[in-house]
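The opening residue of the sequence shown carries number 1 in my numbering; numbering runs sequentially from there.
C-beta atoms are modelled at their ideal positions from N, C-alpha and C, and glycine is treated no differently.
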Amino acid sequence: MKSWMAVFLFISQVAISFAQSETGFLGKIIDSRTQKPLQYVVVSIQNSSTMQLTDSDGTFKLVLLSEGDQLLLLHSQGYKDLLFPVKVVSGQMTDLGVLILEEDNQIGSQAILISLSESDLTDDNSTSENTSGLLQSSRDAFLQASAFNWGQARFRMRGLDSEHAKMTINGVEMNKMYDGRPQWGNWGGLNDATRNQEFSVGTATSDYTFGGILGTQQINTRASIYRPTSRITFSGSNTNYSLRAMATYATGLMPSGWAFVVSAGKRWANEGYFEGTNYDADSFFMSIEKKLSDSHSLNFTGFYTPNSRGKNSPNTNEVTQLTNEQYNSYWGWQDGKKRNARLKTVEEPVLMLNHFFKIDDKTTLNSSITYQFGKISNSNIDYQNADSPDPTYYRKLPSYYSSLYAKDQGEYPGDFTPDYENAEINRTHFLTNPQINWDELYRSNRTITTDSKGIVNGYVPAQSHYVLYEDRTDDKTISFNSTINSQLTENIIFNGGIAFRNLKSHNYQFLTDLLGGSYFVDIDLFYKGDQSQSDLQHPNRQVGVGDTYGYNYNYLANTVDVFTQFKFSYRKVDFYLAQAFSSATYQRDGLYQNGIYATNSFGKSEKVNFENFAFKGGLTYKMSGKQWLFFNGAHLTKAPTIRNTFPNARLNNGIVDGIESMNISSLEGNYIYHSPKLKTRFTGYYSLIKNATQTSFFYAEGIFDDGAGYDNTNAFVSQTLTHLNKKNIGAELSFEYQILPTFKTTLSAAYGQYTYDSNPNVTITNDAQASLKNSNPVYNFGTAALKNYKQPGMPQQAYSFGIEYRNPRYWWLGTNINYLTNSYIDVSPISRTAQFYINPKSGFPFPEASAERTRVLLKQEKFNPISLLNITGGKSWRIRRKNISLFASVNNVLNTIYKTGGFEQARNANFRRLDQQASSGTPSFAPKYFYGYGRTYFGNLAINL
Numbered sequence: 001m002k003s004w005m006a007v008f009l010f011i012s013q014v015a016i017s018f019a020q021s022e023t024g025f026l027g028k029i030i031d032s033r034t035q036k037p038l039q040y041v042v043v044s045i046q047n048s049s050t051m052q053l054t055d056s057d058g059t060f061k062l063v064l065l066s067e068g069d070q071l072l073l074l075h076s077q078g079y080k081d082l083l084f085p086v087k088v089v090s091g092q093m094t095d096l097g098v099l100i101l102e103e104d105n106q107i108g109s110q111a112i113l114i115s116l117s118e119s120d121l122t123d124d125n126s127t128s129e130n131t132s133g134l135l136q137s138s139r140d141a142f143l144q145a146s147a148f149n150w151g152q153a154r155f156r157m158r159g160l161d162s163e164h165a166k167m168t169i170n171g172v173e174m175n176k177m178y179d180g181r182p183q184w185g186n187w188g189g190l191n192d193a194t195r196n197q198e199f200s201v202g203t204a205t206s207d208y209t210f211g212g213i214l215g216t217q218q219i220n221t222r223a224s225i226y227r228p229t230s231r232i233t234f235s236g237s238n239t240n241y242s243l244r245a246m247a248t249y250a251t252g253l254m255p256s257g258w259a260f261v262v263s264a265g266k267r268w269a270n271e272g273y274f275e276g277t278n279y280d281a282d283s284f285f286m287s288i289e290k291k292l293s294d295s296h297s298l299n300f301t302g303f304y305t306p307n308s309r310g311k312n313s314p315n316t317n318e319v320t321q322l323t324n325e326q327y328n329s330y331w332g333w334q335d336g337k338k339r340n341a342r343l344k345t346v347e348e349p350v351l352m353l354n355h356f357f358k359i360d361d362k363t364t365l366n367s368s369i370t371y372q373f374g375k376i377s378n379s380n381i382d383y384q385n386a387d388s389p390d391p392t393y394y395r396k397l398p399s400y401y402s403s404l405y406a407k408d409q410g411e412y413p414g415d416f417t418p419d420y421e422n423a424e425i426n427r428t429h430f431l432t433n434p435q436i437n438w439d440e441l442y443r444s445n446r447t448i449t450t451d452s453k454g455i456v457n458g459y460v461p462a463q464s465h466y467v468l469y470e471d472r473t474d475d476k477t478i479s480f481n482s483t484i485n486s487q488l489t490e491n492i493i494f495n496g497g498i499a500f501r502n503l504k505s506h507n508y509q510f511l512t513d514l515l516g517g518s519y520f521v522d523i524d525l526f527y528k529g530d531q532s533q534s535d536l537q538h539p540n541r542q543v544g545v546g547d548t549y550g551y552n553y554n555y556l557a558n559t560v561d562v563f564t565q566f567k568f569s570y571r572k573v574d575f576y577l578a579q580a581f582s583s584a585t586y587q588r589d590g591l592y593q594n595g596i597y598a599t600n601s602f603g604k605s606e607k608v609n610f611e612n613f614a615f616k617g618g619l620t621y622k623m624s625g626k627q628w629l630f631f632n633g634a635h636l637t638k639a640p641t642i643r644n645t646f647p648n649a650r651l652n653n654g655i656v657d658g659i660e661s662m663n664i665s666s667l668e669g670n671y672i673y674h675s676p677k678l679k680t681r682f683t684g685y686y687s688l689i690k691n692a693t694q695t696s697f698f699y700a701e702g703i704f705d706d707g708a709g710y711d712n713t714n715a716f717v718s719q720t721l722t723h724l725n726k727k728n729i730g731a732e733l734s735f736e737y738q739i740l741p742t743f744k745t746t747l748s749a750a751y752g753q754y755t756y757d758s759n760p761n762v763t764i765t766n767d768a769q770a771s772l773k774n775s776n777p778v779y780n781f782g783t784a785a786l787k788n789y790k791q792p793g794m795p796q797q798a799y800s801f802g803i804e805y806r807n808p809r810y811w812w813l814g815t816n817i818n819y820l821t822n823s824y825i826d827v828s829p830i831s832r833t834a835q836f837y838i839n840p841k842s843g844f845p846f847p848e849a850s851a852e853r854t855r856v857l858l859k860q861e862k863f864n865p866i867s868l869l870n871i872t873g874g875k876s877w878r879i880r881r882k883n884i885s886l887f888a889s890v891n892n893v894l895n896t897i898y899k900t901g902g903f904e905q906a907r908n909a910n911f912r913r914l915d916q917q918a919s920s921g922t923p924s925f926a927p928k929y930f931y932g933y934g935r936t937y938f939g940n941l942a943i944n945l
């Protein structure tokens with residue numbers, strides 16, 4: 001008995017000694033308003049790999065190996081970070097007591113603003129759907145300014161398109177294979193459901209994918225990580241939509257091992273900021289998890305966000321001066337309502353099943369299967385044997401007559417012969433009829449009926465001259481994905497993953513409205529005979545509502561991506577190495593035998609294969625607990641997108657000749673200082689993108705040379721740029737200083753130089769020259785002198801200064817002033833080729849094409865600088881155990897009118913036509929521009945039940 005007692009006393013003494021030898025902190029974290037414990041709060045020592053998550057009761061125990069002064073950081077999504085100094089005493093576990101986190105209502109409201117800043121500049125999912133969506137989860141002052149202060153002016157971080165960032169949901173890549181960009185509308189309006197996010201900037205590490213040179217955003221929809229909540233939200237705005245309502249319910253992980261999250265919302269507007277831009281969007285989300293055991297969990301996520309919105313037109317200065325900056329030529333009155341002819345509709349449900357496998361305490365495996373299907377459509381008006389329905393069609397504007405020149409006199413230009421009388425008639429007619437005349441379109445599609453006396457007594461449907469159609473893309477994508485994360489040693493973490501995606505993308509023209517007519521003929525009247533047929537196997541087909549016509553084909557694609565990553569963490573130095581391999585296979589499958597390309601439009605094209613490698617690495621040097629340096633670098637090759645692989649996919653199986661993968665290099669260096677009062681970051685970066693390919697379509701006048709055997713000097717063409725290089729160099733500054741506990745100031749700055757770094761090769765495809773003997777009418781125009789031209793469509797410099805006051809009684813007010821400059825127009829490459837200087841009628845250079853005049857005509861337009869003043873504020877209450885928060889903002893308080901982008905029209909494809917247009921003072925093919933929002937407001941009321 002005495003021996004057992006001795007053993008017991010000995011073990012107790014060892015346990016007590018061991019407990020006494022532990023060093024670190026323990027405590028409990030609660031919500032400031034509800035006083036309830038917070039689970040899954042990240043508790044860490046800043047600038048170290050030491051980290052712990054709070055338990056379900058909000059408690060944590062952080063064991064440390066080092067002593068001395070440290071900075072303890074508490075971070076949780078939806079709450080303000082808490083950073084404060086602590087002193088680590090060796091052999092002592094310090095109890096910090098109860099720590100309080102305050103909900104950050106501003107961040108929640110700002111996340112909602114992302115959807116308000118998304119508006120297409122073109123008909124596809126283009127760069128205009130900017131990178132602001134990538135930034136919502138970041139707390140850096142610079143990135144907050146990028147997303148919410150500068151996003152309205154089309155600012156793009158580091159001048160990079162969103163195809164250079166990776167968007168993942170539960171580790172599954174969501175970038176479209178067609179153009180490489182995320183389709184933000186697929187999860188629009190699900191702000192509460194997509195709140196759990198991780199974001200890495202540049203080529204920094206991600207646990208889920210190799211990533212891109214812009215960054216990586218991961219949305220986690222695992223049901224068990226959502227805090228139990230019942231929340232309803234009401235919003236009002238005058239931007240894209242007018243009203244919004246949303247409700248979210250989450251159970252958290254229940255004792256039964258189940259967890260549920262459901263969310264639904266509605267956004268709508270009869271008219272947004274720009275005229276005729278209606279908006280209608282629904283959002284549905286569900287996540288269900290079952291914890292099968294301590295090691296296995298299954299999670300199903302499904303979301304469906306059907307949305308439709310009216311587009312707004314780019315306009316020339318002439319049109320804007322006749323109307324206003326909010327003018328939109330895409331709509332017209334019908335039955336007392338505004339009807340927009342150009343609607344973009346996105347309906348693509350996503351179904352995802354994840355298996356979470358905790359192999360042991362140090363290794364986890366996440367595997368998933370995902371299926372996405374549905375449609376993206378862009379509507380427009382098609383017409384035959386009729387005038388253009390566009391009220392801004394160049395022949396309907398005053399400039400058509402005020403820019404006239406007489407015929408050329410031999411090799412020399414004719415005299416300036418403006419017709420101001422007819423110009424005034426056009427001006428009057430346009431101001432009287434500035435919109436689409438829907439009633440006239442319906443009348444054109446009907447035949448007048450008369451009685452026996454010849455008196456008109458009605459109309460009957462006839463062959464339609466005008467119809468409404470959709471450019472449809474119906475995608476079916478299935479994805480398999482698996483990622484592993486393992487703590488190999490105390491200092492080494494391994495991440496790896498493999499992903500496979502299969503795409504079948506059906507692309508076709510879909511007739512939606514005969515506009516009062518009885519049928520439409522599936523031919524192209526710009527051509528004759530067999531060339532006019534959309535499908536030689538079904539010639540002269542009469543089509544009606546619900547029929548496919550015009551073009552009809554599938555894209556078939558498969559991709560495989562594999563990556564590995566090793567992260568090494570030590571007391572003063574962290575570093576990582578990552579590598580990736582990817583394979584992509586594309587093919588076009590034509591479902592119509594087009595009359596222009598009878599021999600290479602029907603059936604499957606050749607397969608195009610790309611294999612690519614990627615490498616990146618980074619080093620972090622921890623100068624102290626408050627400051628550190630880190631450097632990242634990457635070199636990779638990347639397959640061109642499907643869009644840029646098939647330059648004329650609507651008509652044939654042609655593939656860009658000699659197409660190559662892009663070659664991308666990126667470097668960045670950062671200095672960071674974080675203390676409880678001061679947070680600052682300075683970054684310098686460099687990226688070089690080589691061998692890019694771009695495809696576009698337009699109608700060009702005077703582009704082809706009669707002497708070279710072409711029948712017509714004018715043509716509708718597709719233009720392909722190859723070997724296009726882009727260089728981006730710049731610096732970023734983020735500064736945040738807590739002057740007083742209630743008063744904070746921020747300063748953000750972006751300075752960039754984004755240029756083209758090569759003279760790309762230009763090829764033109766002229767469909768009119770296609771024949772059985774010439775099934776690939778591609779003409780090489782040589783190089784375009786684009787080197788050192790500025791990359792378009794974004795400010796290359798941006799500055800923001802803000803102040804914020806937060807009252808202890810849970811209200812706050814902030815304002816920021818922003819200055820954005822160095823934004824440039826998108827230039828026409830064909831006007832920078834040698835062909836531009838050649839007279840198409842003689843084959844000789846234009847005698848008036850002097851170097852001085854050429855510099856004036858081809859100088860890239862720089863937009864005026866933009867100054868924007870924004871005001872935000874909010875208040876939260878706790879009433880009858882319910883949290884209520886109000887957020888409000890006014891952007892562009894001074895109602896500044898500014899251009900966000902624009903493009904040169906490529907129709908004037910030779911020197912003389914461009915020179916005459918410019919010399920007239922009223923060019924009919926002047927550049928077109930997009931305008932930003934004027935003064936706008938946003939209000940958001942959220943109630944946690």
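| message | Under 8 Å: do the region 326-337 and the region 348-356 share three or more Cβ pairs, one atom per stretch? | response | Judged by Cβ distances under 8 Å, the region 326-337 makes no contact with the region 348-356, as fewer than three pairs qualify.
| request: Can you check DSSP and say which residues form a bridge with Ile225? | output: Counted from its first residue, the sequence shown places residue 225 at position 225. Its beta-bridge partners do not exist; DSSP assigns none.
| request: Please check if any C-beta of chain C sits within less than 8 Å of the C-beta of Leu99. | output: Included in the structure is just one protein chain, with no chain C present.
| request: Take Ala423 and list the residues in its own chain whose beta-carbon comes closer than 7 Å to its own, dropping the five residues that flank it on each side. | output: For the purposes of this step, residue 423 is identified with residue 423 of the sequence shown, where counting begins at 1. Only residues of its own chain outside the window of five on either side were considered, and among them Pro398, Tyr401 and Ser402 have a CB closer than 7 Å to the CB of Ala423, listed in chain order.
| query | Ser624: which of His75, Ile803, Gln46 and Asp513 sits nearest, CA to CA? | reply | Mapped onto the sequence shown, residue 624 falls at position 624. Ranking His75, Ile803, Gln46 and Asp513 by Cα distance to Ser624 puts Gln46 first.
| query | Got a sec, what are the start and stop residues for the alpha helix (DSSP H) Trp333 sits in? | reply | Start at 1 with the first residue of the sequence shown, and residue 333 comes out as number 333. Per DSSP, Trp333 belongs to no alpha helix (DSSP H); it is in the beta strand (DSSP E), Trp331 to Gln334.
| request: Whole angstroms is fine: what's the gap from Pro847's alpha carbon to Ile376's? | output: Taking the sequence shown and counting its residues from 1, one reaches residue 847 at position 847. Taking the sequence shown and counting its residues from 1, one reaches residue 376 at position 376. Cα-Cα distance, rounded: 49 Å.
| Fully enclosed by the region 713-782, which alpha helix (DSSP H) runs are 4 residues long or longer? | none
| query | Would the region 574-585 and the region 747-755 be scored as touching if the rule is three or more Cβ pairs under 8 Å? | reply | Between the region 574-585 and the region 747-755, the count of Cβ pairs shorter than 8 Å is below three; the stretches do not touch.
| What distance in whole Å lies between the Cβ atoms of Ile642 and Tyr555, which are believed to be in contact at a cut-off of 8 Å? | Counting from one through the sequence shown, the residue named residue 555 turns up at place 555. Counting from one through the sequence shown, the residue named residue 642 turns up at place 642. Indeed they touch by this definition, with Cβ atoms about 5 Å apart.
| request: Name the one or two DSSP bridge partners that Gly603 has. | output: By one-based count along the sequence shown, residue 603 stands at place 603. Paired residue(s): Gly590.
| Nearest residue (CA-CA) to Pro676, options Lys626, Ala798, Thr301 and Leu651 | Taking the first residue of the sequence shown as 1, we reach residue 676 at position 676. With distances taken between Cα atoms, Pro676 lies closest to Lys626.
| request: Give the C-beta separation of Asn644 and Gln694 to the nearest angstrom, bearing in mind that I take them to be a contact with Cβ-Cβ under 8 Å. | output: On the sequence shown, position 644 is the one that residue 644 refers to. On the sequence shown, position 694 is the one that residue 694 refers to. Right, their Cβ atoms sit about 6 Å apart.
| Own chain residues within Cβ distance below 8 Å of Gly97, not counting five before or after | By one-based count along the sequence shown, residue 97 stands at place 97. Taken in chain order, the residues that qualify are Gly27 and Lys28.
| said: Give me the DSSP bridge partner(s) of Thr301. | reply: Your numbering for residue 301 matches position 301 in the sequence shown. Thr301 pairs with Ser287 and Met352.
| task | Please report how far the alpha carbon of Gly58 lies from the alpha carbon of Asp361, in whole angstroms. | result | Your numbering for residue 58 matches position 58 in the sequence shown. Your numbering for residue 361 matches position 361 in the sequence shown. Going from the Cα of Gly58 to the Cα of Asp361 covers about 21 Å.
| query | Going by C-alpha distance, which of Leu190, Gly180, Phe863 and Ile219 is nearest Glu198? | reply | Sequence index remark: in the sequence shown, residue 198 carries index 198 (1-based). Of the candidates Leu190, Gly180, Phe863 and Ile219, the one whose C-alpha sits nearest the C-alpha of Glu198 is Ile219.
| If we call anything under 8 Å between Cβ atoms a contact, is Phe615 one with Leu629? | The sequence position of residue 615 within the sequence shown is 615, counting from 1. The sequence position of residue 629 within the sequence shown is 629, counting from 1. Cβ distance not < 8 Å, so Phe615 and Leu629 don't count as in contact.
| Met662 bridges to which residues according to DSSP? | Translated into the one-based positions of the sequence shown, residue 662 becomes position 662. In the DSSP output, where bridge partners are listed per residue, Met662 has Lys638.
| Nearest-angstrom Cα distance between Trp438 and Pro391? | As a first step, residue 438 must be located in the sequence shown, where it is residue number 438. As a first step, residue 391 must be located in the sequence shown, where it is residue number 391. Going by the C-alpha atoms only, they are around 11 Å apart.
| message | In the DSSP output, what is Thr233 paired with across the bridge? | response | Residue 233 sits at position 233 when you count from the first residue of the sequence shown. DSSP lists Met246 and Ala942 as partners of Thr233.
| said: Strictly by DSSP, which residues pair up with Pro845? | reply: Stepping through the sequence shown from its first residue, residue 845 is reached at position 845. Note: Pro845 sits in a beta bridge opposite Ile838.
| message | Taking 8 Å as the cut-off, does the region 438-455 touch the region 470-479 (at least 3 CB pairs, one atom from each stretch)? | response | no
| request: Would you identify the three-state DSSP class for Ser983, choosing helix, strand or coil? | output: Look at the range of the chain in this structure, 1 to 945, and you will see that residue 983 is not part of it.
| said: Tell me which residue opens and which closes the beta strand (DSSP E) that His429 is part of. | reply: By one-based count along the sequence shown, residue 429 stands at place 429. From DSSP, His429 is part of no beta strand (DSSP E) but of the alpha helix (DSSP H) over Tyr420 to Thr432.
| Environment of Gln537 [buried if 16+ CB atoms lie within 10 Å] | Locating residue 537 in the sequence shown gives position 537, where the first residue counts as 1. Exposed.
| Helix or strand or just coil, what does DSSP make of Ala851? | By one-based count along the sequence shown, residue 851 stands at place 851. Reduced to three states, the DSSP call for Ala851 is helix.
| task | Would you kindly report the start and end of the unbroken alpha helix (DSSP H) that includes Glu318? | result | For the purposes of this step, residue 318 is taken as residue 318 along the sequence shown, with counting starting at 1. Counting along the chain, the alpha helix (DSSP H) containing Glu318 begins and ends at Asn317 to Leu322.
| task | Return the CA-CA distance between Tyr931 and Ser313, expressed in angstroms with no decimal places. | result | Stepping through the sequence shown from its first residue, residue 931 is reached at position 931. Stepping through the sequence shown from its first residue, residue 313 is reached at position 313. If you take the alpha carbons of Tyr931 and Ser313, they lie about 10 Å apart.
| Which listed residue (Val456, Asn609, Lys622 and Arg681) has its alpha carbon closest to that of Ile659 | For this step, residue 659 is matched to residue 659 along the sequence shown. Nearest option by C-alpha distance: Asn609.
| message | For Ala926 and Thr320, I'd like the C-alpha separation in whole angstroms. | response | Looking up residue 926 in the sequence shown gives position 926. Looking up residue 320 in the sequence shown gives position 320. So the alpha carbons of these two residues sit roughly 12 Å apart.
| query | Of the choices Asn324, Arg342 and Glu325, whose alpha-carbon is the least far from that of Gly332? | reply | Here the question's residue 332 lines up with position 332 in the sequence shown. Closest option to Gly332, Cα to Cα, is Arg342.
| task | Starting from Arg501, trace the beta strand (DSSP E) both ways and give me its first and last residue. | result | Counted from its first residue, the sequence shown places residue 501 at position 501. First-last of the beta strand (DSSP E) with Arg501: Ile492 to Asp513.
| Run through DSSP, which three-state label would Thr645 get? | Position 645 of the sequence shown, counted from the first residue, corresponds to residue 645. In the structure shown, Thr645 sits in a helix (DSSP, three-state: H, G or I).
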